[in-house]
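**Q** Okay, handing you the structure first.
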Amino acid sequence: MTTAEIAKDFTELLKQGDSHSAAAKYNADDIVSYEAMEGPMAVCSGKEAVKQKGEWWEANHEVHGGSVEGPYVNGDQFALRFSFDVTPKSTGERVTMDEVGLYTVKNGKISEERFYY
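Letter 1 of the sequence shown, counting from 1, is numbered 1 in the UniProt record's numbering, and no numbers are missing.
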């Protein structure tokens, strides 16, 4: 599959609310995920660590809605824009989040993801 084909299918799965299948299908075993924050989840290495980061996020946020725009493809990378309406359980304050995810594809899998917010 080309980067554009992977990006399209990955994005469609996310738009359907199936982030687990998207990650299982396309994340490389040695994927590295970079968040724009400090702390233990700023950099996660490996498919299992990235999965656990996602599970932590889901367990600590009530999601009221959201959207995914894209993909925007350039070479071996594609970007997605995310908007979320969430309530972090730690604060109880409902907020709107806006972020961009930049994904790098190597050997048919997503080898790196970087989030900007």
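Note that beta-carbon positions come from the ideal geometry of N, C-alpha and C, so glycine has one too.
(1) Going by beta carbon distance, what residues of the same chain come within less than 6 Å of Arg94, once the five residues before and after it are set aside?
(2) State whether the stretch 102–113 contacts the stretch 27–42, with contact taken as three or more CB pairs (one from each stretch) at a distance under 8 Å.
(3) Can you list, in chain order, the residues of its chain whose CB lies under 7 Å from that of Arg81, leaving out five sequence neighbours each side?
(4) Can you give, in chain order, each stretch of the alpha helix (DSSP H) that sits fully within the UniProt domain "SnoaL-like" (1–117) and has at least 4 residues?
(5) Tell me whether Ala23 is buried or exposed, calling it buried when 16 or more other Cβ atoms sit within 10 Å of its Cβ.
(6) Give me the Cα-Cα distance between Leu102 and Tyr34, rounded to the nearest whole angstrom.
(7) I'd like the list of long-range same chain contacts for Tyr117, defined as Cβ closer than 7 Å, with 5 residues on each side in sequence excluded.
(8) Val43 and Glu112 look like a contact to me (Cβ under 8 Å); what is the Cβ gap, rounded to whole Å?
(9) Would the beta-carbon of His20 fall within 9 Å of that of Gly46?
**A** Reading off the structure:
(1) Thr87
(2) yes
(3) Glu69, Gly70 and Val100
(4) 3–15, 19–26 and 47–59
(5) buried
(6) 10 Å
(7) Ala36, Met97, Asp98 and Glu99
(8) Rounded, the Cβ-Cβ distance is 11 Å, inconsistent with contact.
(9) no
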